[in-house]
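A.B. asks:
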């Protein structure tokens, strides 16, 4: 996990960078350990600092490394030519930045994560589209029925489906249709009575 990685990395960095620690008198050994890990320390004004400036900041990792190292730390990530590169700017080392190649992580290691994220996003979009269609189906039936009433047709009662608001509107529409139908029947009866009297 990321927390385990941060703890291990912080422990290794503390061991190598702690000038009061067990390796305090052996600067060449510390440098050799850093090189063995692939870790290099560069000046904040060096050419390598350009890579640091172009790297993407990782806030969560910065917070965790700040806790682990006991000093404010900015962590950034960059995809290098061969692997991902982790950059760190530790306040304990104000004029230096640390470059850590993550040779175990290659770009293709992130392919399953990207693929799964894409599949999940597509499923969410499809599910949302289907949900909206199902919610709007009663509205479409209501629209067609209202257009039919506008042409003088009396539609059969619509089924009350969907959200509570849509059911309320459908119920009111059905009552209105029933009222119009009753008025139409009364009018027809009245007209029949008048024509019979004439």
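Residue numbers (the numbering used here): 37 to 234.
Idealized CB from N, CA, C, for every residue including glycine.
For residue 94, which of helix, strand or coil comes out of DSSP?
C.D. replies: Three-state result, residue 94: coil.
A.B. asks: Applying the 10 Å Cβ sphere with the 16-neighbour rule, what's the burial state of residue 198?
C.D. replies: Buried, because 16 or more other Cβ atoms sit within 10 Å of the Cβ of residue 198.
A.B. asks: Using the beta-carbon count (16 or more within 10 Å), is residue 158 buried or exposed?
C.D. replies: Looking at its Cβ environment, which holds fewer than 16 other Cβ atoms inside 10 Å, residue 158 is exposed.
A.B. asks: Helix, strand or coil for residue 110? Go by DSSP, reduced to three states.
C.D. replies: Here residue 110 sits in strand by DSSP.
A.B. asks: Taking 7 Å as the limit between beta carbons, can you name the residues of its chain near residue 141, skipping five residues before and five after?
C.D. replies: Confidence is the limiting factor: at residue 141 the pLDDT is only 49, short of 50, which leaves the residue's position unreliable, though a coordinate-based value still follows. Hits under 7 Å: 119 and 120.
A.B. asks: Does DSSP put residue 136 in a helix, a strand or coil?
C.D. replies: Three-state result, residue 136: strand.
A.B. asks: Spatial neighbours of residue 184 within its chain, please: CB distance less than 6 Å, with the 5 preceding and 5 following residues excluded, ordered by chain position.
C.D. replies: So the list reads 191, once near-sequence residues are dropped.
A.B. asks: In three-state DSSP terms, what is residue 79?
C.D. replies: Note: residue 79 maps to strand in three-state DSSP.
A.B. asks: How many angstroms separate the CA atom of residue 47 from the CA atom of residue 103?
C.D. replies: Each residue's alpha carbon lies about 12 Å from the other.
A.B. asks: Kindly confirm or deny that the region 80 to 94 and the region 103 to 118 touch, where touching means at least three C-beta pairs closer than 8 Å.
C.D. replies: Yes, they touch.
A.B. asks: Based on the DSSP output, what are the partners of residue 121 in its beta bridges?
C.D. replies: Residue 121 pairs with 114 and 137.
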